[in-house]
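The next block holds one structure in the form of structure tokens; read it before the comments.
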Amino acid sequence: MAGIGLLIWLLASSDLDQLSAALVAGGWGVVAIALFKIVTLGMDALAWRSVVLGDHRPGLGRTLWIRWIGEGVNTLLPVAQVGGDVVRGRLLALRGVPGPVAGASVAADFTMGVITQALFTLLAVALLVVHGLPEPLIAPVSVGLGVIGLGGLALLLIQRAGLFGLLGKLLDRLVKDGPWASLSGGMAALEMAVRRVYGDRRALLTCGGWRFVGWVAHLGETWLALWFLGVPVTLAEALVIEALSNAVRSAAFMIPGAIGVQEGGLLAVGLIYGLTPETALALAMMKRGRELLVSLPALAAWMHGERRGLGRLLKGKGA
Numbered sequence: 030m031a032g033i034g035l036l037i038w039l040l041a042s043s044d045l046d047q048l049s050a051a052l053v054a055g056g057w058g059v060v061a062i063a064l065f066k067i068v069t070l071g072m073d074a075l076a077w078r079s080v081v082l083g084d085h086r087p088g089l090g091r092t093l094w095i096r097w098i099g100e101g102v103n104t105l106l107p108v109a110q111v112g113g114d115v116v117r118g119r120l121l122a123l124r125g126v127p128g129p130v131a132g133a134s135v136a137a138d139f140t141m142g143v144i145t146q147a148l149f150t151l152l153a154v155a156l157l158v159v160h161g162l163p164e165p166l167i168a169p170v171s172v173g174l175g176v177i178g179l180g181g182l183a184l185l186l187i188q189r190a191g192l193f194g195l196l197g198k199l200l201d202r203l204v205k206d207g208p209w210a211s212l213s214g215g216m217a218a219l220e221m222a223v224r225r226v227y228g229d230r231r232a233l234l235t236c237g238g239w240r241f242v243g244w245v246a247h248l249g250e251t252w253l254a255l256w257f258l259g260v261p262v263t264l265a266e267a268l269v270i271e272a273l274s275n276a277v278r279s280a281a282f283m284i285p286g287a288i289g290v291q292e293g294g295l296l297a298v299g300l301i302y303g304l305t306p307e308t309a310l311a312l313a314m315m316k317r318g319r320e321l322l323v324s325l326p327a328l329a330a331w332m333h334g335e336r337r338g339l340g341r342l343l344k345g346k347g348a
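Quick note: our numbering has the sequence shown finishing at residue 348, numbered continuously throughout.
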């Protein structure tokens, strides 16, 4: 509710006529940035695919498809931006990849995504230092960078310390028999798969490299949207706007869709480069439009697949 309240306040504080004019000027820009999303999703798919070890590595097309569905779940459902990762691990396992291998690949890819986002944000901060970081942005950017950086480091350390093995031992003590008992063995297998992934430095570096390139490529969305709005910016400026607004959004991961926070972040960062509040909000609305264009079909594809899978299961039981 706080996010919705913030969004309403931002809209009420702006000139709605100028905002409407900016959105009209954006026009087909929403479609353009939705199509551009294929580029960044492709890079993320290449990153994830590199840490699916063994003989069950899926093709790029299938990986991209599952990655797209995971993106849709994280964007539109209230799952703290991690539910989509659980979904893509499950979908990968349903397509022939052993469960522990699928789970380990998602864990490693998610961790490398957080770490490389911190590096991407640091790059933006370095570029911004040249111009001077405005005082109102110091606190939110610091919090966002801290959440991302410390979160990524913590994820890496606890996984390398044997998180899933410890969970397996805990389950083994708590549940001796019954349907949940098999989970302890599953955790042990997942622990072995995670150790194998983190022991493959080449796979990790490949994943991290593609993830970082994917973060940098996101600046293309901001640059393209502002071009359609008639406000051209340099690539460096687009990078700063994209990275810092993403950092603020990541810090608000508990707010579904970061509603209000994303808009406020874009408004604050946009002011650095002389964007009017109406232009910054129009940029935020275009990004929301892109999210709907990309994520709604992804959710529809996921639900269709789940329905087909349930139908096959019921048919098999009735045979």
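Ideal placement from N, C-alpha and C gives every residue a C-beta, glycine not left out.
Item                                                                                                                                                                      : Value
Quick one: give me the first and last residue of the alpha helix (DSSP H) that proline 129 is part of.                                                                    : 128-158
Here's a check: name, in chain order, each residue in its chain whose Cβ is nearer than 6 Å to the Cβ of alanine 309, leaving out the five neighbours to either side.     : Leu295, Leu296, Gly299
Using CA coordinates, which residue listed in Gly88, Glu266, Gly142, Ala74 is at the minimum distance from alanine 155?                                                   : Glu266
Check histidine 247 in the structure and name its three-state DSSP category.                                                                                              : coil
Helix, strand or coil: how does DSSP classify threonine 305 here?                                                                                                         : coil
In angstroms with no decimal places, state the Cα-to-Cα distance between arginine 336 and methionine 216.                                                                 : 28 Å
Taking 6 Å as the limit between beta carbons, can you name the residues of its chain near aspartate 73, skipping five residues before and five after?                     : Arg96, Gly243
Look at the Cβ atom of leucine 312, then the Cβ atom of leucine 255, and state whether they are nearer than 8 Å.                                                          : yes
What residues in its chain sit with their C-beta under 6 Å from that of alanine 232, if we drop five residues either side in the sequence?                                : Ser79, Val80
In chain order, what residues of the same chain have a beta carbon less than 8 Å from the beta carbon of cysteine 236, not counting five sequence neighbours either side? : Ala76, Trp77, Ser79, Val80, Ala137, Asp138, Met141
Between the Cα of valine 269 and the Cα atoms of Phe149, Arg317, Val102, which residue gives the shortest distance?                                                       : Phe149
With DSSP collapsed to three states, give me the class of valine 349.                                                                                                     : Residue numbering for the chain in the displayed model covers 30 to 348; residue 349 lies beyond these limits and cannot be assessed.
Does DSSP put tryptophan 239 in a helix, a strand or coil?                                                                                                                : helix
Taking the alpha-carbon positions, what's the leucine 70 to tryptophan 239 distance?                                                                                      : 11 Å
Just to confirm, is the Cβ distance from serine 324 to threonine 104 under 8 Å?                                                                                           : yes
Leucine 273 and alanine 153: beta carbons closer than 8 Å?                                                                                                                : yes
DSSP three-state call for aspartate 73: helix, strand or coil?                                                                                                            : helix
Just the Cα atoms here: how many angstroms apart are alanine 330 and leucine 219?                                                                                         : 28 Å
By Cβ distance below 8 Å, which residues in the same chain neighbour leucine 203 in space, the five residues on each side in sequence not counted?                        : For leucine 203, the predicted structure reports a pLDDT of 45, less than 50, and the residue's modelled location is therefore unreliable. The matter cannot be settled from this model.
Is methionine 315 closer than 8 Å to isoleucine 67 when the C-beta atoms are compared?                                                                                    : no
Rounding to the nearest angstrom, what Cα-Cα distance links leucine 258 and glycine 318 in this structure?                                                                : 14 Å
In whole angstroms, what is the alpha-carbon distance linking leucine 82 and leucine 179?                                                                                 : 27 Å
Helix, strand or coil, according to DSSP, for tryptophan 94 in the structure here?                                                                                        : helix
Roughly how many angstroms lie between the CA atoms of alanine 246 and alanine 276, to the nearest whole one?                                                             : 16 Å
Can you tell me the Cα-Cα spacing of proline 261 and tryptophan 252, whole angstroms?                                                                                     : 7 Å
Helix, strand or coil for histidine 333 per DSSP?                                                                                                                         : helix
Which residue's Cα is closest to the Cα of tryptophan 94: Val60, Asp84, Leu120?                                                                                           : Leu120
Select from Val102, Gly112, Gly88 the residue whose C-alpha is nearest the C-alpha of arginine 124.                                                                       : Gly88
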